[in-house]
Structures are given as structure tokens and as C-alpha cells.
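Participant: Chains as they are written, first to last, in this note's numbering: chain A, 127 to 268; chain B, 127 to 268; chain C, 127 to 268; chain D, 127 to 268.
Just so it is clear, CB atoms sit at the ideal spot from N, CA and C, and this is done for glycine as well.
All values reported here derive from a predicted model rather than from experimental measurement.
Sharing a structure here in C-alpha cells format.
4 protein chains.
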Amino acid sequence: MSDFDWPVRVYYEDTDSGGVVYHANYLKFMERARSEWLRARGIRQDALRAECGVIFAVSHAELAYLRPARFDQALRVGVQVLQARRASVHLAQDIHLQDETQDNNKGTLLARGRVTVVCIDAQTFRPRAFPDHVRREILGDR
Amino acid sequence: MSDFDWPVRVYYEDTDSGGVVYHANYLKFMERARSEWLRARGIRQDALRAECGVIFAVSHAELAYLRPARFDQALRVGVQVLQARRASVHLAQDIHLQDETQDNNKGTLLARGRVTVVCIDAQTFRPRAFPDHVRREILGDR
Amino acid sequence: MSDFDWPVRVYYEDTDSGGVVYHANYLKFMERARSEWLRARGIRQDALRAECGVIFAVSHAELAYLRPARFDQALRVGVQVLQARRASVHLAQDIHLQDETQDNNKGTLLARGRVTVVCIDAQTFRPRAFPDHVRREILGDR
Amino acid sequence: MSDFDWPVRVYYEDTDSGGVVYHANYLKFMERARSEWLRARGIRQDALRAECGVIFAVSHAELAYLRPARFDQALRVGVQVLQARRASVHLAQDIHLQDETQDNNKGTLLARGRVTVVCIDAQTFRPRAFPDHVRREILGDR
Numbered sequence: 127m128s129d130f131d132w133p134v135r136v137y138y139e140d141t142d143s144g145g146v147v148y149h150a151n152y153l154k155f156m157e158r159a160r161s162e163w164l165r166a167r168g169i170r171q172d173a174l175r176a177e178c179g180v181i182f183a184v185s186h187a188e189l190a191y192l193r194p195a196r197f198d199q200a201l202r203v204g205v206q207v208l209q210a211r212r213a214s215v216h217l218a219q220d221i222h223l224q225d226e227t228q229d230n231n232k233g234t235l236l237a238r239g240r241v242t243v244v245c246i247d248a249q250t251f252r253p254r255a256f257p258d259h260v261r262r263e264i265l266g267d268r
Numbered sequence: 127m128s129d130f131d132w133p134v135r136v137y138y139e140d141t142d143s144g145g146v147v148y149h150a151n152y153l154k155f156m157e158r159a160r161s162e163w164l165r166a167r168g169i170r171q172d173a174l175r176a177e178c179g180v181i182f183a184v185s186h187a188e189l190a191y192l193r194p195a196r197f198d199q200a201l202r203v204g205v206q207v208l209q210a211r212r213a214s215v216h217l218a219q220d221i222h223l224q225d226e227t228q229d230n231n232k233g234t235l236l237a238r239g240r241v242t243v244v245c246i247d248a249q250t251f252r253p254r255a256f257p258d259h260v261r262r263e264i265l266g267d268r
Numbered sequence: 127m128s129d130f131d132w133p134v135r136v137y138y139e140d141t142d143s144g145g146v147v148y149h150a151n152y153l154k155f156m157e158r159a160r161s162e163w164l165r166a167r168g169i170r171q172d173a174l175r176a177e178c179g180v181i182f183a184v185s186h187a188e189l190a191y192l193r194p195a196r197f198d199q200a201l202r203v204g205v206q207v208l209q210a211r212r213a214s215v216h217l218a219q220d221i222h223l224q225d226e227t228q229d230n231n232k233g234t235l236l237a238r239g240r241v242t243v244v245c246i247d248a249q250t251f252r253p254r255a256f257p258d259h260v261r262r263e264i265l266g267d268r
Numbered sequence: 127m128s129d130f131d132w133p134v135r136v137y138y139e140d141t142d143s144g145g146v147v148y149h150a151n152y153l154k155f156m157e158r159a160r161s162e163w164l165r166a167r168g169i170r171q172d173a174l175r176a177e178c179g180v181i182f183a184v185s186h187a188e189l190a191y192l193r194p195a196r197f198d199q200a201l202r203v204g205v206q207v208l209q210a211r212r213a214s215v216h217l218a219q220d221i222h223l224q225d226e227t228q229d230n231n232k233g234t235l236l237a238r239g240r241v242t243v244v245c246i247d248a249q250t251f252r253p254r255a256f257p258d259h260v261r262r263e264i265l266g267d268r
């Protein structure tokens, strides 16, 4: 089970002429969920950049596509901390079809996502330790 | 007739589940053509930003979609200067289906595009006059 | 004032290296708002396609970009019917910065959008009259 | 070394406000390279769909991001067959910075990509064996 779930609606922009969500767009959905997961913990990425000079970057991503998602479907994108380090965090981000007939009840698993996010200096792009309050929030999720 | 044409191939990323190119993506194709039009005239946008502190931004865009473009088709995107001012340029950017059976021969008109591009300060986003060498190249196309 | 407003959060996927929302992405935001406007009126586009064989396509779009939107900002995208015809509807879709300090209070106008949407046959792409229940809902918004 | 390389120019549409190519867009670049790799071997994906009723879908993707790519840079995206099966093919798709000062000379490695592509029925989305001529071309690359 995920620590956090974010709803994503599939619009035309997300689909391709195969009739399903274009495979690269799952990475976008996963980043939306990460941004909202941080926001829910009081972490504003624009403030982090302005005040601490750090941004988050994806250093590794892996996706297993199990079943296609289609136009107008409602998805749920999870965020679960698998491992947190000084300057990086490894996350599970599975994507489920939302069963709209039942409240908050997750349906079929569509894709398994794994992402490593690194905290980097916004100028030099070198790894930087997570600011303390960020680290506390992230560790709190393990 | 356009001053400049740039070929664009339609990939899955460009299409939607309607089976055709997603309407917003024509704006991407038009910007690719503008970037290559500038490059063909020796104008490097990354150098312009680093050396002159200016970037180009779209201030107005208009698109009439006449016929759909499909996966795997070859398109040609035009760039034609309609009017050049001190800090902006108004361009026609029509999009044709490339007839791949005939060399360089334009086929059906798919979309009519009109775009106004403004030269702005990369920091303040305020309009700035085009650098002289840019202006010369742009005016040379009228 | 718009008949309908839809909130859009700006994520990294929406921005470009100019530091602001990439201009083509406003068209995506506008389509999300149209899809949710239809959904709020009980119109499911996937059902329309399956049951009536029609889809909606953009035939004309116009955008005036007034002020840039930035990463992490909250926007509101409007939908207002300007004119409804047998097989098409002309919409105003202005985009405002959401003032997050005040409840539901619209802030600065960022972009003015105008879009014409046509009801077309999903196979032939020829214009088809809006199904009656769609037309009633759309006209109800004038 | 790759069996096939495809040049990709970085435009504004590809970047994000971090100043670099948005991580999901590498998957787009990789699909462009696969499409052109197939085209170079005489395989037209639109014809395959029309005549054989099959399309290609990504079932697994993995990306290691080593160094960022920036606006206006020229990249080269490789396609190398690692393993071919009856209905799927596993590919290495590394992305290099193109050294524009030297002809065709690959520069720095930016990202390592691995993708599994499955041949599926365009209607049922069930795996189907590659058509013979496709299989011959793909195996020819091992």
C-alpha cells in the first residue's frame, strides 16, 4: 500500500493513436504525485529552490506497463518511500485504475513504477543533502 | 510561399486517441521550425541568451485546423515573416502534408498558423529590441 | 465571468527552460477544462464516442499570452460559451492565476484563449450535429 | 556501439524550468529513434497496422540519467537489439551528446535506456508474433 495517492484523470493530451495513454506520460503522472506528496507534507519546491538553492531530479526510472489506461479514465498514482539516503530517495510509484463506482477503492494495477530522486544544487547540478525539514518528512514516510 | 520550411515527422508522441495529431502539438512543430529558421541564419538562441540576455517568447498564436495529420506522416512547417518590429515579429507558419512521392513538393495544407514572437529580457521578461544581427537576418526575410 | 472554472496546478512537465509554462501547454489546460465542463454537465466523451460515434475536435484556437505562469503556481481555466451552432461551439477560455491566499478568488489574467470546437464523426471526421442532450447542456450555458 | 543512431535536437518543448531536458521526454526521443530504425529497414508502422493489424507497445522501460541535456543541444539516440523473441524485442537505447564540432562523432553519454517492445494486436492488445519480414529485419540487427 502506498503512503500517498494522487488522482489523475486521462485527457486527450495523454493518449496516443494506439487509443491508450502514451507510455512516456506515466512519468509525468508520477511526478505530479511526487509534487503533491511533498506539498501535502508542507514542502514547497519553489520555496526550496529560492531559499535552499536545491531542486529534485530523477536519476533513475523504471516502469513495467501491465495494462493500458484509456481516455477519460481516472487513475491513482502512489508514492511510497522504499529507501531514503542523505541526498536521494528511492520510491515505488504504482499506478492503479480508480474504480469510480466505489469510494477511494483502488482497482486494477496498470503500471509499476520505481524512481530515484536526487536532491541537487540548482546551479551546479551536484548532489546536495536534503534540507533537514525535507529529510524529516521523507523519513516519516518509511 | 514560405521563406523557410522544416520537415517534421509525426510520431506516436504527437498523436492522440482520436487517431490524429493532438492540436496543441502543432505549436511545438511551429517552434521547431522557428528555431531551425534562426539556426539556418546563424542565430543561436542559447548564445543569444548567454551573450545578450534575451530570449524569444510567443505573445500571440492563432491556428486554423483544416485537415488532420496522422501517425507516420511527413509534414512541412513554414516560416514567413509578415511584419517585423523593433522587439517583435509576426510570422505565418502554415503546415502542409509532405508528398513523399515527389521531391520537396508540398502537398495538402493541413493548418494555418500565425504567431507573434517577442524578444524579451530573460530575467525581467520585459520587451527588448532585437539585437542588430538578429534584426538584419529577420528583415532580410521580408 | 466564466460559466465554469477548472483548477490546474503547474508541474515541471508544463514548464520550459525559460522558467515559465511552455506556450503550447495552455491548449492542454484549456482542453482539460473543457472535458471537466462537459463532465460536470453529465456528458461523458468516451460514451459519446461509443454510443453516438462522435468526437469533439478543435477547428480554431487563438491565444494571447499576457503574463507568464511559473512552476508550482495554481491556475484557473475558464469555459464560457460565446456562440453555439448546430455542429460547433465557440468558447472563451481565459486563464487566471489563482490567488491561493483567498478562497476561490481569481487573481491576475495570464492568457486569453478562444477556441472553436466541432462535433465530428469519429470515423469520417465530417461535421455532425451535436447530439440533442449535448446541445441542450451547451445552450444552457449561454 | 549501436546498430542505429538517430539525431534529436533539443527544443524548448523538451526542456523544463530546471533548465534541462525533462526526464520523461527521453522516452519520446527513444521512440523516435525506434520508429526511424524500423523505417530504415523498410518497416512502415502505419502499414503494419493496416495490413497485419499489429502495433508495437512498450512493456518495460528503464532509464539511468547520468548528465543533463540542455536547450539547443544535438543528441544522438541509439537502437541496439539485445534480445529478440517471438513477440518482443529488448533494446538498448543510449543517448549521447552529439559533438557538433566533429562529424558523426559521439560525445558524452547522457542517459542509458533499456526498453522492451511487444508486438500486440491493435484491437485486443494481446501479444502477437512479429510478422516474418519484421522478425527478419530485427534479427538481422543482432
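Taking a cut of 7 Å between CB atoms, which residues from the stretch 147-162 of chain B lie near chain D?
Facilitator: Lys154, Glu157, Arg158 and Ser161
Participant: Compare the C-alpha of Tyr138/C against each of Ala166/C, Met156/C and Phe197/C and name the closest.
Facilitator: Phe197/C
Participant: Would you say Phe197/D lies against chain C (beta-carbon separation less than 8 Å)?
Facilitator: yes
Participant: Straight-line CA distance for Val205/B to Ala195/B?
Facilitator: 19 Å
Participant: Applying a beta-carbon distance threshold of less than 7 Å, which residues of chain A neighbour Tyr137/C?
Facilitator: In chain order, Glu157, Arg158 and Ser161 make up the part of chain A whose C-beta sits under 7 Å from the C-beta of Tyr137/C.
Participant: How would you write the range of the alpha helix (DSSP H) that Phe161/B sits in, first residue to last?
Facilitator: The sequence shown places Ser at residue 161/B, not Phe. That run of the alpha helix (DSSP H) goes Asn151 to Ala166.
Participant: Within the 8 Å Cβ cut-off, does Ser214/D reach chain A?
Facilitator: no
Participant: For Gly179/B, go through chain A and note every residue whose CB falls closer than 8 Å to its CB, in chain order.
Facilitator: What Gly179/B touches in chain A: nothing, since even the nearest Cβ is about 17 Å away.
Participant: Which of the three DSSP states, helix, strand or coil, is assigned to Ala173/D?
Facilitator: It is helical.
Participant: Would Thr242/A be called buried (16 or more neighbouring beta carbons within 10 Å of its own) or exposed?
Facilitator: Buried, because 16 or more other Cβ atoms sit within 10 Å of the Cβ of Thr242/A.
Participant: Which runs of the beta strand (DSSP E), 3 residues or longer, sit entirely within the stretch 211-252 of chain D?
Facilitator: 214-218, 221-224 and 232-247
Participant: Suppose you measure from the CA of Ala176/C to the CA of Asp140/A; what does that come to, to the nearest Å?
Facilitator: 19 Å
Participant: Need the endpoints of the alpha helix (DSSP H) that Leu265/C sits in, please.
Facilitator: Asp258 to Leu265
Participant: Name the chain D residues that come within less than 9 Å of Pro194/A, Cβ to Cβ?
Facilitator: Ala183 and Phe251
Participant: Using a 10 Å radius around the Cβ and a threshold of 16 neighbouring Cβ atoms, would you call Ala150/D buried or exposed?
Facilitator: For Ala150/D, the number of other beta carbons within 10 angstroms of its own is at least 16, and it is reported as buried.
Participant: Can you tell me whether Asp131/D is helix, strand or coil according to DSSP?
Facilitator: strand
Participant: What separation, rounded to the nearest whole angstrom, lies between the Cα atoms of Leu252/D and Cys178/D?
Facilitator: The sequence given here has Arg at residue 252/D, not Leu. Approximately 14 Å between the Cα atoms of the pair.
Participant: How many Å lie between Glu157/B and Ile264/C at the Cα?
Facilitator: Roughly 34 Å separates the two Cα atoms.
Participant: Counting only Cβ pairs nearer than 7 Å, list the residues of chain B close to Asp172/D.
Facilitator: Phe197 and Asp198
Participant: Assuming contact is defined by CB atoms lying nearer than 8 Å, are Leu189/B and Ala187/C in contact in what I supplied?
Facilitator: yes
Participant: Measure from the C-beta of Glu128/C to each C-beta in chain D and report whether the shortest distance is under 8 Å.
Facilitator: Looking at the sequence itself, residue 128/C is Ser, so the reference to Glu does not match. Cβ-Cβ to chain D under 8 Å: no for Ser128/C.
Participant: Let's test the definition: count the other Cβ atoms within 10 Å of the Cβ of Gln199/B and tell me whether it reaches 16, buried, or not, exposed.
Facilitator: buried
Participant: Between Leu235/C, Ile181/C and Arg212/C, which lies nearest to Gly144/B when the distance is taken from Cα to Cα?
Facilitator: Ile181/C
Participant: Would Gly144/C pass as an interface residue toward chain B - the criterion being a Cβ-Cβ separation below 8 Å?
Facilitator: yes
Participant: Please classify Tyr191/A: does DSSP put it in a helix, a strand, or coil?
Facilitator: strand
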